[in-house]
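Asks:
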Amino acid sequence: MTPMTSTISLPPQVEMKKTREGFGRALVDLGERDPRIVVLVGDLSESTMVSFFAERFPERFIQVGIAEQNMMCIAAGLAAMGKIPFLATYGAFASCRAADQMRVTVAYTNLNVKIGGAHGGISVGPDGATHQAMEEISIVRSIPNMSMIVPCDYWETYKATIAAAKHAGPVYLRFGREDVPVVTSEDTPFTFGKGEVFAEGRDLTIIACGVMVYEALRAREALAERGITARVIDLHTLKPLDQALIERCARETGAIVTAEEHQVNGGLGGAVAEVVVRSHPVPMEFVAVMDRFGQSGKPAELMDAFGLRATDVVAAAERVLKRKSGR
Amino acid sequence: MTPMTSTISLPPQVEMKKTREGFGRALVDLGERDPRIVVLVGDLSESTMVSFFAERFPERFIQVGIAEQNMMCIAAGLAAMGKIPFLATYGAFASCRAADQMRVTVAYTNLNVKIGGAHGGISVGPDGATHQAMEEISIVRSIPNMSMIVPCDYWETYKATIAAAKHAGPVYLRFGREDVPVVTSEDTPFTFGKGEVFAEGRDLTIIACGVMVYEALRAREALAERGITARVIDLHTLKPLDQALIERCARETGAIVTAEEHQVNGGLGGAVAEVVVRSHPVPMEFVAVMDRFGQSGKPAELMDAFGLRATDVVAAAERVLKRKSGR
Amino acid sequence: MPPKTMAPNDVETAHRAGRLLWDAGRLTAKALEIRRDIITLLAKAQTGHSGGPLSCADFGTALFFHELNIDPAHPTWPDRDFWHFSIGHVTPIIYSLMAERGYFPLRDLMKFRAFDGHAQGHPSAHDTPGIEVSAGSLGQGLSVCCGVAMAARIDRHPRRIYCVMGDGEQQEGQIWEAAMFAGHYRLDNLCGMIDYNRKQIDGDVEDIIGIAPLADKWRAFEWNVLECDGHDLADILRAFREARGHRGQPTVILAHTVMGRGVSFMADDYRWHGKPPKPEQAEVALQELGTSYAEWSERLMKG
Amino acid sequence: MPPKTMAPNDVETAHRAGRLLWDAGRLTAKALEIRRDIITLLAKAQTGHSGGPLSCADFGTALFFHELNIDPAHPTWPDRDFWHFSIGHVTPIIYSLMAERGYFPLRDLMKFRAFDGHAQGHPSAHDTPGIEVSAGSLGQGLSVCCGVAMAARIDRHPRRIYCVMGDGEQQEGQIWEAAMFAGHYRLDNLCGMIDYNRKQIDGDVEDIIGIAPLADKWRAFEWNVLECDGHDLADILRAFREARGHRGQPTVILAHTVMGRGVSFMADDYRWHGKPPKPEQAEVALQELGTSYAEWSERLMKG
Ligand SMILES: Cc1ncc(C[n+]2csc(CCOP(=O)(O)OP(=O)(O)O)c2C)c(N)n1
Ligand SMILES: Cc1ncc(C[n+]2csc(CCOP(=O)(O)OP(=O)(O)O)c2C)c(N)n1
Ligand SMILES: [Mg+2]
Ligand SMILES: [Mg+2]
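Protein chains in written order, with numbering that gives the first Met the number 0: chain H, 0 to 326; chain Z, 0 to 326; chain X, 0 to 302; chain A, 0 to 302.
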């Protein structure tokens, strides 16, 4: 259907699964292998799916209650003693309520703390704006020593969690609430700090993270029907950023669309733009939440209303191609 | 000396004054005019210079003690009742310790709270990394409804504080600790939400905020001696961003250097880059803190060591001009 | 300006201003309707929290229909008392109380958490008339109320301020920052109410991170501490009276409640903290509450 | 592995591992030297905090030269006790105690807050050997120590954990989150110490936001509360002994101190919280402490 190679090809019907489940499962597997793994939660065991770990390893599970600041620093103390603590709460609270603790105690000391931020993005749905975390990328990227991964599906979240445990230093993991399409498989390659080329293309590059990777792949299909070949990058690691890949995409395709379920200011789009203007300036368009708070609604309704669909990626691609060709 | 007009011209010896003093003085003048002005502080009256207000209007001054989260929400409650609260603490704590409160209670409700974040930047000096706030721009820009001003000197801080009181909605004001060059005067124009063209130029544009505006102006002089004319923009308002001006500078000068005393990820440079790639892509170079924590030292030593001097701006200008001319 | 108080029998609609001062009997009847609203709107939305709203139902009703001096028709009436739920997740009862009291039509309850309604999952000042400050992140509400109380002091306004908190929420340090602040400034125009239902998301509060002895904690933070049976309207009114009469200190009322109170299969079960009843469960619940989904949803749609 | 304890008379250098168990007399003498270090390094740096370090000097000395089981030559000795100053601004005494105990040369004190030294304005694990967790933002340290205490429990390690807090710092809500956590998990390997000097930056703690009754607060959070004269070494050792002996609860020691203690013109004056003595003031202070800048700075430079 498209002339270009694609490592990821989507069937018409894609399996749906929660990213946070990949987190929960990975923690159990990590716990089996490594006694240093400890898990902390702030009264959200089920919704962050650390309950799997809690059942399997009660002696290494710490219930902190509703006290995110405390949880962040307790994790720091555990890390200082050689443990590999994973803490879990909603992303809004992991990134904002405990931001000072993440900056001073965890990041400045460069402690081996892993932060699991659930419920990222507008797709959180009915809970509404307060629970739809969409500022984490901006906040975490600004803090030195922090790493950050925004996996695109169940399997990638599983691998990202394993990779986070391997990486020495603080890592923030962002995942969502809903079932989302499983676009990768157990053996799709995943390298911490590198973007993955999910599909080749010449005319532009779509760089996406999280659930938007699926929308990007669907957009690529739609574009292909119009004879446009879009390269699709799964940029799961937001920090450290795969600058070489981004520069290469700018040079080779001359136009970039970024797609993220996050505020437009300082998110994936901003991160990519920072690399592009310093290496090889090309036209870019951003598919993101346009600096507004979320609201209640069904996840699907919100993804539509906030312009986070394949069709929005297609529209952005057409805009950026117009600019590329100077029309 | 330079062929291009310049609204700001620096004498060899520039007067030095603290930006935070402009904040302190403006609060007193605001208090005189408007009984709705209330000031809160977190046990830092002298160093945030709200002590002037405290002496003049003790009945409208609220000491909150060391409890930044509480202070942010108390300000919200005051604003909900029609007051115009200004809260003051160090930027590290205003932006990080109370980030969740700023996001949910203040910004989501869109309350008329003014946040004074002192001790921004590496120039904070001997206190070291924990007290050198350099993530505020990334954090505040990511939160909807927030506005943000990073004034360049005493007079601009004074005007920014007055403007913040006039603006309906939450505003974050960032200022520094040390005496810094007074580059503007009482009657230099200041418009909230607009960048000011401090000096004209054809070859490139230097967009700066905070104390880096002075370094930019000095850099312009050095460049002029080599026959390079640099436009200098004082982009005091980081949010809302003066996109039209940034786009115009990209089109007219074809190259941009940003200069900020802030982390490079998601700061002024990132904000400008986001506009540039979406409007008129041109080469950019960033003068900023390169994603590392600060340290103790004399402010001058640190500005040198972290590459935040006119010479660094000049070097960045030369790099960007090379790229502009395709060399 | 509307009268500050009025005799119960003046009041036919809830749209009147001032304090309604309903008696315990009348409040008990209204609390039953509130519970019916909660189950009905949750059944309709099929998303939202059941447990906390039901434990708050009785003292919540006393707050809105006896204690508060408000004018739902004019939410910004300058002489109003200020009320705030720091536990933003209990929106089912917040909206039910607001609608029954007249802030907006009952039918809006049937659009709870809906894309095209104003009734957000957590209280949003931007969306719902009468919500003064948005909430949803725990631990922030008492601080907001401290700010409102300080504003009233600066303006020498007799306004009273009521803040509803959760017991699990007591684990948030910001609560204690606000407690210390209010104790220090002796904010006796401030009344905190704790829905002491002994449950939170992951289980029993005392198993998660114990908050006992809670009364001692608040006393040590210089507050006047009252306790009441959070499901006995007469006892609740007694506590409100004592709180109103206390000078020189803020008062906190520990309202001893049962999560899910009023619905047999929800009562005292933490697993009902955050989920709605399925339609068939809602039917059973509404039968227990003396109505049916058909009847009560119709009342709401018509209201 | 080094011995856990050793008789005072074994110890000539401070480089030995284990508990030094010095007696009150010897500690009193060492505390005087610590105060001389503090004034000298501040005089040299001309930046930094005077008040808190001086109020911490006596119990700080007791902690490092009697109580703690550490090996300064091997800061990561697996059997070490864990110590942490949540009040990161008191680096003058932290570094003085560390240098005198042997973590690094005394001469490093003369590069306090200097660009080319490791002694950062606030403790930095990245820069200073022996600092395990960086600090500087108040209210976070007790939580860190809770994590260390939980790690010891998981590992069944007898390590003891000591956390120094400020009294103004008690206003931070996170302290009470940590207090609630430690009380809940009965972390009896954890000992908190509060420098109760009754001052903070803007003035008297009780004028800013009162923390009294502080003992009642900690008791209500299920801690064992001890009080001592923070300048009487014998009384401090008594408190340490009792804390060590207490099972089933964490212990907090309220060390009643005087800000700026030891220097007449600094004593009990909050304005000395955050500033260093000018050279001439330092000279006066050092005379009061039985030395001179010339003499003591030479000792440090040689050490
Ligand atoms: C800061 C913050 N952390 C976590 C949550 C998620 N959360 C919502 S309700 C809740 C439990 C609250 O317990 P409680 O106060 O007892 O309310 P109840 O369960 O009794 O309704 C939690 C952890 C939140 N909303 N805000
Ligand atoms: C979170 C945070 N807020 C504010 C500050 C600024 N600050 C440093 S020390 C201090 C006063 C601390 O008082 P106390 O604990 O009594 O220490 P002491 O003044 O007695 O040394 C303040 C407000 C800080 N370092 N961290
Ligand atoms: Mg509860
Ligand atoms: Mg003190």
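All C-beta atoms in this analysis are idealised placements derived from N, C-alpha and C, irrespective of residue type, glycine included.
Which of the residues in the segment 113-130 of chain H, read from start to end, lie with their CB under 9 Å from any CB of chain Z?
Replies: From the segment 113-130 of chain H, only Ala-128, Thr-129 have a Cβ closer than 9 Å to chain Z.
Asks: For Asp-194(A) versus Gln-248(A), is the C-beta distance shorter than 7 Å?
Replies: Looking up residue 194(A) in the fourth sequence gives position 195. Looking up residue 248(A) in the fourth sequence gives position 249. The answer is no: Cβ separation not under 7 Å.
Asks: In whole angstroms, what is the alpha-carbon distance linking Gln-262(H) and Thr-190(Z)?
Replies: Translated into positions along the first sequence, residue 262(H) becomes position 263. Translated into positions along the second sequence, residue 190(Z) becomes position 191. Computed Cα separation, rounded: 26 Å.
Asks: Which two residues bound the contiguous alpha helix (DSSP H) that contains Tyr-153(Z)?
Replies: Against the second sequence, residue 153(Z) aligns to sequence position 154. Where Tyr-153(Z) is concerned, the enclosing alpha helix (DSSP H) stretches over 153-165.
Asks: Taking 6 Å as the cut-off, does the CB of Asn-196(X) come closer than this to any heavy atom belonging to ligand 3?
Replies: Residue 196(X) sits at position 197 when you count from the first residue of the third sequence. Under cutoff, so the answer is yes.
Asks: Could you tell me which chain A residues have their CB closer than 8 Å to the CB of Glu-134(Z), listed as they occur along the chain?
Replies: Residue numbering aside, residue 134(Z) sits at position 135 when the second sequence is read from its first letter. The premise fails here: Glu-134(Z) is roughly 13 Å from chain A at the closest Cβ pair, so nothing lies under 8 Å.
Asks: From the DSSP secondary-structure annotation, give me the bridge partner or partners of Gly-296(H).
Replies: On the first sequence, residue 296(H) is found 297 positions in, with the first residue counted as 1. Bridge partners of Gly-296(H): none, in fact.
Asks: Helix, strand or coil: which one does DSSP assign to Leu-53(X)?
Replies: Taking the third sequence and counting its residues from 1, the one referred to as residue 53(X) is at position 54. Looking at Leu-53(X) - three-state DSSP - the assignment turns out to be helix.
Asks: Using CA atoms only, rank isn't needed, just tell me which of Leu-189(X), Arg-106(X), Gly-209(X) is closest to Asn-196(X).
Replies: The sequence position of residue 196(X) within the third sequence is 197, counting from 1. Ranking the options by Cα distance to Asn-196(X), first place goes to Gly-209(X).
Asks: Any contact between the segment 14-25 of chain A and the segment 269-284 of chain A? By contact I mean 3 or more CB pairs, one from each, below 8 Å.
Replies: The segment 14-25 of chain A vs the segment 269-284 of chain A: no contact.
Asks: What residues from the segment 126-146 of chain A come within 7 Å of chain H, judged by C-beta to C-beta, listed N to C?
Replies: Those would be Glu-131, Val-132, Ser-133, Gly-135, Ser-136, Gln-139, Ser-142, Val-143, Cys-144, Cys-145, Gly-146, in chain order.
Asks: Indicate, with yes or no, if ligand 2 has a heavy atom lying under 6 Å from the CB of Glu-246(H).
Replies: Taking the first sequence and counting its residues from 1, one reaches residue 246(H) at position 247. It does not: the Cβ of Glu-246(H) is nowhere closer than 6 Å to a heavy atom of ligand 2.
Asks: Look at the alpha carbon of Ala-13(X) and the alpha carbon of Ile-160(X), and state the distance between them as a whole number of angstroms.
Replies: As a working note, residue 13(X) is residue 14 in the third sequence. As a working note, residue 160(X) is residue 161 in the third sequence. At Ala-13(X) the pLDDT is 39, less than 50, meaning the model places this residue with poor confidence; the figure from the coordinates comes in the next sentence. Roughly 20 Å separates the two Cα atoms.
Asks: Using 8 Å as the cut-off, can you tell me whether the segment 134-149 of chain Z makes contact with the segment 149-166 of chain H, which would need three or more C-beta pairs spanning the two stretches below that distance?
Replies: No, because fewer than three Cβ pairs between the segment 134-149 of chain Z and the segment 149-166 of chain H fall closer than 8 Å, the two stretches do not touch.
Asks: Taking 6 Å as the cut-off, is the beta-carbon of Gln-280(X) closer than that to any non-hydrogen atom of ligand 3?
Replies: As a position in the third sequence, residue 280(X) is number 281, starting the count at 1. Not so, every heavy atom of ligand 3 lies at least 6 Å from the Cβ.
Asks: Are the beta-carbon atoms belonging to Leu-96(A) and Phe-63(A) less than 7 Å from one another?
Replies: On the fourth sequence, residue 96(A) is found 97 positions in, with the first residue counted as 1. On the fourth sequence, residue 63(A) is found 64 positions in, with the first residue counted as 1. Contact flag set, yes.
Asks: Just how far apart, CA to CA, sit Glu-99(A) and Asp-126(A)?
Replies: The residue given as residue 99(A) occupies position 100 in the fourth sequence. The residue given as residue 126(A) occupies position 127 in the fourth sequence. Whole-angstrom Cα-Cα distance: 18 Å.
Asks: Rounding to the nearest angstrom, what Cα-Cα distance links His-235(Z) and Ala-214(X) in this structure?
Replies: Your numbering for residue 235(Z) matches position 236 in the second sequence. Your numbering for residue 214(X) matches position 215 in the third sequence. His-235(Z) and Ala-214(X): Cα-Cα distance of roughly 50 Å.
Asks: For Phe-239(X), which residues in the same chain have their Cβ closer than 6 Å to its Cβ, ignoring the five residues on either side in sequence?
Replies: In the third sequence, counting from the first residue as 1, residue 239(X) sits at position 240. The answer, listed in chain order, is Glu-66.
Asks: Return no unless some Cβ of chain H is closer than 7 Å to the Cβ of Asn-8(A).
Replies: For the purposes of this step, residue 8(A) is taken as the residue at position 9 of the fourth sequence. Model confidence at Asn-8(A) stands at a pLDDT of 41, short of 50, so the residue's coordinates are unreliable; what they give is reported in the following sentence. Answer no: the Cβ-Cβ gap between Asn-8(A) and chain H never drops below 7 Å.
Asks: Report yes if the CB atom of Phe-60(H) is closer than 7 Å to the CB atom of Leu-26(H), and no otherwise.
Replies: Translated into positions along the first sequence, residue 60(H) becomes position 61. Translated into positions along the first sequence, residue 26(H) becomes position 27. No, Cβ-Cβ distance for Phe-60(H) and Leu-26(H) is not below 7 Å.
Asks: Short of 8 Å in beta carbon distance, which residues of its chain neighbour Val-319(Z), apart from the five on each side in sequence? Order them along the chain.
Replies: Translated into positions along the second sequence, residue 319(Z) becomes position 320. Hits under 8 Å: Leu-203, Ala-254, Ile-255, Val-256, Pro-282, Met-283, Glu-284.
Asks: Could you tell me whether the Cβ atoms of His-118(H) and Gly-90(H) are closer together than 7 Å?
Replies: Mapped onto the first sequence, residue 118(H) falls at position 119. Mapped onto the first sequence, residue 90(H) falls at position 91. Cβ atoms of His-118(H) and Gly-90(H): closer than 7 Å.
Asks: So, with DSSP's three-state summary, where would you put Asn-69(H)?
Replies: Counting from 1 along the first sequence, the entry for residue 69(H) is found at position 70. Helix at Asn-69(H).
Asks: Does DSSP put Val-283(A) in a helix, in a strand, or in coil?
Replies: Translated into the one-based positions of the fourth sequence, residue 283(A) becomes position 284. In the structure shown, Val-283(A) sits in a helix (DSSP, three-state: H, G or I).
Asks: Would a check of beta-carbon distances place Phe-220(A) closer than 7 Å to chain H?
Replies: For the purposes of this step, residue 220(A) is taken as residue 221 along the fourth sequence, with counting starting at 1. For Phe-220(A), the answer is no, since every Cβ of chain H falls outside 7 Å of its Cβ.
Asks: With a threshold of 6 Å on Cβ separation, who are the neighbours of Val-170(Z) within its own chain once the five nearest residues in sequence on each side are excluded?
Replies: Working through the second sequence from its first residue, we reach residue 170(Z) at position 171. Once the five neighbours on either side are set aside, the close Cβ partners of Val-170(Z) are Lys-113, Ser-146, Ala-163.
Asks: For Trp-21(A), write down the residues that DSSP places opposite it in a beta bridge.
Replies: As a position in the fourth sequence, residue 21(A) is number 22, starting the count at 1. According to DSSP, which records beta bridges pairwise, Trp-21(A) is partnered with nothing at all.
Asks: Less than 7 Å between CB atoms is the rule here; does Lys-297(Z) satisfy it with respect to chain X?
Replies: Against the second sequence, residue 297(Z) aligns to sequence position 298. So no, Lys-297(Z) is outside the interface.
Asks: What I want to know is whether the C-beta of Gln-199(X) ends up closer than 6 Å to one or more non-hydrogen atoms of ligand 3.
Replies: The sequence position of residue 199(X) within the third sequence is 200, counting from 1. Checking every heavy atom of ligand 3 against the Cβ of Gln-199(X), one is found closer than 6 Å.
Asks: Comparing C-alpha positions only, which one of Met-3(H), Lys-16(H), Thr-4(H) sits nearest to Gly-175(H)?
Replies: Residue mapping note: residue 175(H) aligns to position 176 of the first sequence, counting from 1. Here the closest residue by C-alpha is Lys-16(H).
Asks: Kindly examine ligand 1 and report whether one of its heavy atoms sits closer than 6 Å to the Cβ of Ile-65(H).
Replies: Residue mapping note: residue 65(H) aligns to position 66 of the first sequence, counting from 1. Checking the Cβ of Ile-65(H) against ligand 1 gives yes.
Asks: Find the nearest neighbour of Tyr-94(X) within the set Ala-61(X), Asp-78(X), Pro-52(X), Ala-72(X), judged by alpha-carbon distance.
Replies: Position 95 of the third sequence, counted from the start, is the residue given in the question as residue 94(X). Of the listed residues, the one whose Cα sits closest to Tyr-94(X) is Pro-52(X).
Asks: Would you please state the rounded distance, in angstroms, between the beta carbons of Asp-241(Z) and Lys-193(Z)? I believe it to be under 8 Å.
Replies: By 1-based counting over the second sequence, the position of residue 241(Z) is 242. By 1-based counting over the second sequence, the position of residue 193(Z) is 194. Rounded, the Cβ-Cβ distance is 5 Å, consistent with contact.
Asks: What are the start and end residues of each continuous beta strand (DSSP E) run of 3 or more residues lying completely inside the segment 172-231 of chain X, in chain order?
Replies: Counting whole runs of 3 or more residues, the segment 172-231 of chain X contains the beta strand (DSSP E) stretches 189-195, 223-228.
Asks: Pairs of beta-carbons, one from the segment 122-139 of chain X and one from the segment 73-90 of chain X, closer than 8 Å: are there three or more?
Replies: Taking 8 Å as the limit for Cβ pairs, the verdict is that the segment 73-90 of chain X does touch the segment 122-139 of chain X.
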